[in-house]
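Working notes, beginning with the structure itself.
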Amino acid sequence: MYTLLSGLYKYMFQKDEYCVLILGLDNAGKTTFLEQSKTRFNKNYKGMSLSKITTTVGLNIGTVDVGKARLMFWDLGGQEELQSLWDKYYAECHGVIYVIDSTDEERLSESKQAFDTPLHP
Ligand SMILES: Nc1nc2c(ncn2[C@@H]2O[C@H](COP(=O)(O)OP(=O)(O)O)[C@@H](O)[C@H]2O)c(=O)[nH]1
Ligand SMILES: [Mg+2]
Numbered sequence: 000m001y002t003l004l005s006g007l008y009k010y011m012f013q014k015d016e017y018c019v020l021i022l023g024l025d026n027a028g029k030t031t032f033l034e035q036s037k038t039r040f041n042k043n044y045k046g047m048s049l050s051k052i053t054t055t056v057g058l059n060i061g062t063v064d065v066g067k068a069r070l071m072f073w074d075l076g077g078q079e080e081l082q083s084l085w086d087k088y089y090a091e092c093h094g095v096i097y098v099i100d101s102t103d104e105e106r107l108s109e110s111k112q113a114f115d116t117p118l119h120p
């Protein structure tokens, strides 16, 4: 009976959690994307002003609830030294968002290279 009730409770109230990685070169706009998503989907969240976003050091986690799903966004630093960590997180996540600065043509090939690396560790 307990299992049945707790199962029902979970079904009704618990959200399915999914981890989504946000990858891309440094300065591509990953943190901006995360802040914008939180502002749009979390009713009571007052987004931090976009001009205040500075380089992410380490890991920046943001949670967004969409319907019955809770998305946990992992915004990883894009600096070269941190890229080696990507594949560790990559193995554990449900989805990946890869951010590219389309106006930064000089770094497009660098971005492609970084994109390919964690896919073939
Ligand atoms: N014009 C413009 N600037 C952006 C956009 N997204 C990010 N930026 C700017 O690009 C810079 C780097 O953004 P940030 O989110 O810190 O990049 P991150 O290093 O990938 O987290 C910041 O100065 C942002 O304000 C965008 O869509 N349009
Ligand atoms: Mg950042």
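Quick note: the sequence shown uses numbering that gives the first Met the number 0, first residue 0, plus one each step. Just so you know, even glycine gets a beta-carbon here, dropped at the ideal spot from N, CA and C.
- Query: What residues are listed by DSSP as bridge partners for residue 18?
  - Reply: 71
- Residues of its chain near residue 36, where Cβ-Cβ distance is below 6 angstroms and the 5 sequence neighbours each way are ignored: 63
- Message: I need the boundaries of the beta strand (DSSP E) containing residue 62, first residue and last residue.
- Response: Here the beta strand (DSSP E) through residue 62 covers 58 to 65.
- Query: Just curious, the beta strand (DSSP E) that residue 94 is in, first and last residue?
  - Reply: 94 to 97
- What do you get for residue 57, buried or exposed, if any count of 16 or more other CB atoms within 10 angstroms of its CB means buried? Classification of residue 57: exposed, given that the 10 Å Cβ count is below 16.
- Message: Let me confirm a value: residue 105 is counted as buried when at least 16 other C-beta atoms fall within 10 Å, else exposed. Which label applies?
- Response: exposed
- Under three-state DSSP, which class holds residue 126? Outside the modelled stretch of the chain, which goes from 0 to 120, sits residue 126, for which no answer is possible.
- Can the beta-carbon of residue 81 be found less than 8 angstroms from the beta-carbon of residue 22? no
- Nearest neighbour of residue 114, chosen from 12, 86, 54, 40 [CA to CA]: 86
- Task: Mark residue 120 as exposed unless 16 or more other C-beta atoms lie within 10 angstroms of its C-beta, in which case mark it buried.
- Result: Any answer about residue 120 is weak, because its pLDDT of 48 lies below 50 and its placement is not dependable; what the coordinates show is given next. Answer is exposed; the Cβ neighbour count stays below 16.
- Once you ignore the five residues that flank residue 110 on each side, which residues in its own chain have a CB closer than 6 angstroms to its CB? 24, 99
- Query: Hey, out of 116, 10, 71, 88, whose CA is closest to residue 18's CA?
  - Reply: Among 116, 10, 71, 88, the Cα nearest to that of residue 18 is on 71.
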